[in-house]
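Working notes for the structure below.
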Amino acid sequence: MPDLAAEGAVGAAFGVGFGSLHDAVKHVVGRIIMFKSELKRLESTLDGVAAKVREIKELSQALNFPEEETKSLIEQMKKGTELVDKCSKIKIWNYCFKAYSYSSKLSKLNEDIEKFCQVNLIVQNTRNGLETLSLVIQNTEIGLETLTGVNQNTRVGLDTLAEVNHNTRIGLEALTELNQNTTIGLETLADVNYNTRIGLETLAEVNHNKRIGWKTLTEVNENKRTLDLVLKHVESQNSDMKKKYGFSCAVPKLRDYIVGFDLHLKELKRELLKEEVSVLIVTALGGCGKTTLVKMLGWDEEIIGKYMGNIFFVNVSKTPNLKVIVQNLFSYIGDEYLEFQSDEDAINQLEQLLNQIGQPILLILDDVWPESESLIDKFKFNIPNYKIVVTSRKAFSRFKFTFKLNPLDQEDAMRLFCHSASMQDRSSYILEEDMEKIVRYCGGLPIALEVIGGSLCGQPVEVWQSEVMGWSEGHSIFDSDNEVLACLQKCLDFSADKIILKEYFMDLGSFPEDQSIPATALIDIWTELHEPSKNDVHAIANLHELNSRNLASLVMKRKDAEEVSYYYNEEFVTQHDLLRELAIQLSSQKPIIERTRLIVDIRENNLPDWWMKPQHINARLLSISTDGEFSSSWCNIQAPEVEALILNLRTRNYTLPEFVKIMDKLKVIIVTNYDFFPAELSNFQLLSSLHHLKRIRLEKVSISSLCNTLVQLRSLKKLSLFMCNIGQTFGNSTIQVSDSFPILMEINIDYCNDLVELPAWLCEFLHLKKLNITNCHKLSELPEEIGKLVNLEVLRLRSCTELSELPESIRSLHKLRILDISDCISIIKLPQHIGELHKLKELHMKECLRLRKQLPSSITELKELRLVVCDEERAKLWEPFEEFFSNLKVIVAKKDINLKWLTKS
């Protein structure tokens, strides 16, 4: 084995000798004329190899460079240094004698250095090869450490690298023997480079395996992400369901545009955060924005920071049910569905629950009516850092701390009015003084500013002037609720072509206070009651008109394109209390027997006096609301003109009244249970006598007899079941259900969580055009018989999270125009023959998280397809098919997790 220390010394000596020679030549080359050419050549050679000399020591050690030749060259360079010194001292008269000898020696020294450094240059190139190989080895080691899942390919890489190292050693050994022959050295270098390429190819293979490993890891991470999304999705669905059906006690979202409340909020926070305050009453006239202010309080960063997640918002309303309020709080806080024996039991258990939280707690009781003042005391508990904020039109004097909300000042009132009238820049044909008169008349009352502004939006100048002339100058409506209502009533003076909107508006009073109204329930009523010769689209248009005039608020959930399908099953309508009062007041102006719209509110079993007297009712719409104490003890009434029946209940058992069977003109029946638990609905067979009944909508009820008792509804076209218990009913059917509804055209099933399997008999409704089964999270499969629904045009299976596939039989649905499988997170593929749906125009498939495989090739046969709504990952699946569709629009739906459910004005 060579002496590495000695070799290092030789390399160092070589560097010293070279430096001495180089300096000597530089010193004399410009001063000696006699050997100028030889010295110039030597200087050029030394300059060219100077950078290489610094690496001689390492190369000598790495390549076993011959010691004898290096030492010999060192001696020559020492003599060369002496020779250059002698050349500098030679006298002119002695030049002739020394010239040939010195010149030959300088040339010989130059040749030796050139030869030595040529070999050294080869060594340098070889070193580069070694560095590359070193990088190969290093990267291979990294690949081995990272890619535990690709051991076999890595072993192949290691074996190949072993060959590379072996060949490299051979090349290096051969190189030490070829130091005098440059050509052979270059050939050896070529071998080294070849082996380097092999190493690089091996590295590429290792990197390929590394990419496979990373891809596998990415898929694992993607599966984890998918699982997380699934969990979040299910959690979101549960949260949405609670909000949708009134279970949520979270602070509702704020409106998009709020003006003039910042100072009020600051003052309210200052009062609330005082240590001595436990109950704070926020009071003002109806429509001043009390609810808006406490919503702002609940969303304030400082308040959130203090109370964290323990801010609870409860709508109390005119007829509160204490047990239901506590059940909602339990459901929201602990996700427990409890039944309480009494109000006292409910309050006791709530106190225990709040004590367990053990953190600052803020309870907001919104819209407490004067007759419910005692309710506040029930929620007072001796718990540290527990506070209650109450909103009410009355200042309860026995509570010490009260915050009075004042109306908007002139500037803020003008800003809100201009926004509501779509005149933000005030650059219009309307005179500023006319706007100021209207704003003064509204007295800074936000609800009046919004409604009046909305009613004047887009109206000609003559309408504005007429409104101003109709109001006494300088008069304000900010005097009493009655005057507010009188003012708002002026906004219902519609033109002849819009007079139907007043009827629509008054129908909104048929539903309980502070409850969201399903848009489809309104659409069913309005279409059959007011525009029977038209389809639902006209009712939808008028709903948007009411929304634009601020007479109602349409809460939209869907964000993706649904322009063609008119799907409003997930939309809701809310209304300010004052506007609801106005609707009821307008409906109640005539005597009972003359009213076309009769709204009845029954407490316990106390029927109104007029009900006890036999009389003929002429109402076309009848709304009956009962509380949890009602025992279904009905007295008969004569109401043969009723076309729309709305039953609002809050009890576990409910019997349809006998007088329903003589409502010969009844077209629509809406049954909604606002209690926490589903209600058992009995006497359903009464509906068999109703030969004009076209639409039934049931919410949160159980009907065990629906599929086991022959109920002939030969005119029924639409059946909607929301949050109903139907699984056992559907599964135990003992009759031919299709014979009971021979012309049924639309079925809606939403949030029926006990529905596990769709019964085959449901596919026997051969006239069915729309089948919407949404948010049924336990539904795992569809029957093959679904292919029998040959007239089906819309199939919507949105958010059926356990549904894993669509049956191949859907290929027979040749009239299908819309297919919606959005949020069906378990579906992994589309049917192989989906291309046979030749009439399909819309396909909705966003958030189908497990749908990642290539779409079936038959997708190219969907020549009528115009719209695909999906997420980014599913959009990539459509890219290979773009060339087959000239008119297809693929829309990537934006995620919208902040849903504005049940936003109260």
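1 is the number of the first residue of the sequence shown in my numbering; add one for each residue after it.
Glycine included, each C-beta is placed from N, C-alpha and C at the ideal position.
Endpoints, the alpha helix (DSSP H) within which residue i is located
| i | result |
| --- | --- |
| K502 | I500 to D507 |
| A760 | Neither: A760 is in no alpha helix (DSSP H) and is coded neither H nor E. |
| E528 | A519 to H530 |
| H907 | The requested residue 907 is not part of the displayed model; the chain covers only 1 to 905. |
| R415 | Q410 to S420 |
| D434 | E432 to C442 |
| S826 | Neither: S826 is in no alpha helix (DSSP H) and is coded neither H nor E. |
| L543 | D536 to S548 |
| V737 | V737 to S740 |
| D374 | In the sequence as displayed, the identity of residue 374 is Ser instead of Asp. Run containing S374: E373 to K378, per the alpha helix (DSSP H) assignment. |
| V451 | P446 to L456 |
| S918 | Nothing in the structure corresponds to residue 918, since the chain is present only between 1 and 905. |
Outcome for residue i when other beta-carbon atoms lying within 10 angstroms are tallied against a minimum of 16
| i | result |
| --- | --- |
| G509 | buried |
| F684 | buried |
| C288 | buried |
| E75 | exposed |
| R603 | exposed |
| S886 | exposed |
| H814 | exposed |
| C87 | buried |
| V220 | Low per-residue confidence applies at V220: pLDDT is 46, beneath 50, and the placement is therefore not dependable, though the value from the model is reported in the following sentence. By the neighbour-count rule (16 or more Cβ atoms within 10 Å), V220 is not buried but exposed. |
| C635 | exposed |
| S455 | buried |
| R874 | buried |
| R697 | buried |
| D262 | exposed |
| V555 | buried |
| F18 | buried |
| V10 | Because V10 carries a pLDDT of 49, less than 50, the predicted location of this residue cannot be relied on, and the following value inherits that uncertainty. Label assigned to V10: buried. |
Residue(s) in a DSSP beta bridge with residue i
| i | result |
| --- | --- |
| F401 | L280 |
| A644 | L621 and V668 |
| A679 | V701 |
| T655 | S682 |
| T774 | D750 |
| K889 | L867 |
| S720 | R697 and N748 |
| H616 | Q638 |
| N673 | L649 |
Rounded Cβ spacing between residue i and residue j (contact assumed at less than 8 Å)
| i | j | result |
| --- | --- | --- |
| L666 | L690 | 5 Å |
| V461 | I430 | 6 Å |
| V468 | D497 | About 24 Å; that fails the 8 Å criterion. |
| E757 | S738 | No, E757 and S738 are not in contact; Cβ-Cβ is about 18 Å, not under 8 Å. |
| E842 | L806 | Actually they do not touch by this definition, with Cβ atoms about 16 Å apart. |
| P252 | F340 | Actually they are not in contact, since the Cβ atoms of P252 and F340 sit about 25 Å apart, beyond 8 Å. |
| I624 | I637 | No, I624 and I637 are not in contact; Cβ-Cβ is about 10 Å, not under 8 Å. |
| L755 | I726 | 6 Å |
| L645 | V660 | 7 Å |
| G80 | L39 | Not a contact, Cβ separation roughly 11 Å. |
First and last residue of the uninterrupted beta strand (DSSP E) at residue i
| i | result |
| --- | --- |
| T574 | F572 to T574 |
| H692 | Element bounds for H692: n/a, residue is neither H nor E. |
| V316 | I311 to S317 |
| V294 | Per DSSP, V294 belongs to no beta strand (DSSP E); it is in the alpha helix (DSSP H), K290 to W299. |
| I569 | The question names Ile, yet the displayed sequence has Asn at residue 569. N569 -> no beta strand (DSSP E), and no H or E assigned at all. |
| E842 | E842 to H844 |
| R597 | R597 to I602 |
| R852 | That residue, R852, is in no beta strand (DSSP E); it is neither H nor E in DSSP. |
| K387 | Y386 to S392 |
| D367 | I361 to V368 |
| R796 | V794 to R796 |
| D820 | I818 to D820 |
Open item on the list: Assess contact between the segment 409–426 and the segment 380–394, defined as three or more Cβ pairs (one per stretch) separated by less than 8 Å. Is contact present?
Closed with: Cβ pair count under 8 Å is below three, so no.
Open item on the list: Would you call the segment 294–302 in contact with the segment 362–375, where contact means no fewer than 3 C-beta pairs closer than 8 Å?
Closed with: Contact between the segment 294–302 and the segment 362–375 is present, because at least three Cβ pairs lie under 8 Å.
Open item on the list: Is it the case that the segment 642–660 contacts the segment 673–687, given that we only count it when at least three CB pairs across the two stretches are under 8 Å?
Closed with: yes
Open item on the list: Tell me whether the segment 568–575 and the segment 584–595 touch, counting them as touching only if at least three CB pairs, one residue from each stretch, are closer than 8 Å.
Closed with: Judged by Cβ distances under 8 Å, the segment 568–575 makes no contact with the segment 584–595, as fewer than three pairs qualify.
Task: Any 3 or more C-beta pairs closer than 8 Å across the segment 387–403 and the segment 275–283 - done: yes
Open item on the list: Does the structure place the segment 792–808 close enough to the segment 767–783 that three or more beta carbon pairs sit under 8 Å?
Closed with: yes
Open item on the list: Would you call the segment 529–543 in contact with the segment 511–518, where contact means no fewer than 3 C-beta pairs closer than 8 Å?
Closed with: Output reads no: the segment 511–518 does not touch the segment 529–543.
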